[in-house]
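Undergrad: Before I ask anything, let me first share the structure, which is written out below as structure tokens.
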Amino acid sequence: MTLIIITYSFVPSHEVIVQPFSSKFSRTALLSFSQTYSKHIENPEEGKPFRVTAIKKEGKPLYSRKGRFVTLRANEKYTFNVTSLDNDFMQEAISNPSFSFEIYNEKFTVELEKMEIYDEERITALIPDDRLIRIDFLTPTLLQPPRPSFKRKKNRYVIFPYVPLLMSSIVSHWNKNMKRKITNVLGLRTLYYLKEVDYRLFPITVKYDKGFVRGFTGWCLFSLEAKRNSKLRNDILTLLSYANFVGVGKSRAIGFGEIRVRAADQGRKEKSNSEAQQT
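If you count by our numbering, then the sequence shown holds residues 933 to 1211, one letter each, in order.
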């Protein structure tokens, strides 16, 4: 199974106000040309083979707190990303490199800017094998504990990346969509092979469907304690790399739980290179 990552871009002709969580724009854009996406999005099953992000400005996802609307500025470039594990969608995307659709009583033209294809080997190689792993939670993340047997009307989400829930969320999506299954990374052992060493997290309330939900954003630094070159360590790195493309938690298919995972040293090198280019 391969991952297809597509970046789309568009430029509004004038100022437009969009929903508080802006991925509705991205989803509507795909529905305008993709029967494959439409088929999957109508299915209530978990672990869909699609992830559509919120609109981004210079790589930063756009969403607002507590129901305030988001404003798109005229003549400025915006992007959004699509992850798909369905090859039929790739063919649809190639056949529609530029398309137009209407939303908010406005017409938008969207361009396919970049397409990348990853197999499992390439996914695994994305994160260097470092002791410290940093996860940035870029959009509100909704990690849900297992439901008890008694009925409850409201969902329950945690506001900290509790490792057993985090890894369970990634594993369930991987095992549903990838040919090779991973089974050795779950349960309380996760608390011992991936340890929190530092964090800066922010509880956040955002508009969700007809109400509001409380999740979290920010970052957390983990120490990877699994033995080097072991199957366990390789599987952990593979799963964390995979989560870069599919997200974590509930409603990741519509842009919640978007994360960036990298080795801590990798992040320091990227920052140094960026600062060197600016001087």
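All residues carry an ideal CB built from backbone N, CA and C; glycine is no exception. Note that this is a predicted model, so its numbers are computed, not measured.
#1: State the Cα-Cα distance for the pair L1074 and D1167, rounded to the nearest angstrom.
#2: Cβ atoms of S955 and G1187: under 9 Å apart, would you say?
#3: Starting from the Cα of N1087, find the closest Cα among I987, F1001 and K1182 and give me that residue.
#4: Of all the options I987, K1108 and R1165, which has the alpha carbon lying nearest to the alpha carbon of Q951?
#5: Report the residue ranges of all beta strand (DSSP E) runs contained in full by the stretch 1032 to 1095; include only those spanning at least 3 residues, in chain order.
#6: Measure the C-alpha to C-alpha separation of I1067 and V1193 and round it to an integer number of angstroms.
#7: Kindly list the residues whose CB is nearer than 8 Å to the CB of S1104, restricted to its own chain and excluding five residues on each side of it in sequence; keep chain order.
#8: Helix, strand or coil for A1195? Go by DSSP, reduced to three states.
#9: CB-CB under 8 Å to D1197, same chain, minus the five flanking residues each way: which ones, in chain order?
#10: Can you name the start and end residues of the alpha helix (DSSP H) that K1139 belongs to?
#11: I'd like to know if the stretch 1152 to 1171 and the stretch 1126 to 1140 are in contact, where contact means that at least 3 CB-CB pairs between them fall below 8 Å.
#12: Spatial neighbours of K1111 within its chain, please: CB distance less than 6 Å, with the 5 preceding and 5 following residues excluded, ordered by chain position.
#13: Which first and last residues belong to the beta strand (DSSP E) in which N1013 is found?
#14: How should S1032 be labelled, buried or exposed, when 16 other C-beta atoms within 10 angstroms of its C-beta is the threshold for buried?
TA: By the coordinates alone:
#1: L1074 and D1167: Cα-Cα distance of roughly 23 Å.
#2: yes
#3: K1182
#4: Nearest C-alpha to Q951: I987.
#5: 1038 to 1050 and 1064 to 1073
#6: 5 Å
#7: E978 and G979
#8: strand
#9: P1060, D1062 and L1064
#10: That residue, K1139, is in no alpha helix (DSSP H); its beta strand (DSSP E) goes L1126 to Y1140.
#11: yes
#12: Residues M933 of the same chain have their beta carbon placed closer than 6 Å to that of K1111, with the five preceding and five following residues left out of the count.
#13: Y1010 to S1016
#14: Under this definition S1032 is an exposed residue.
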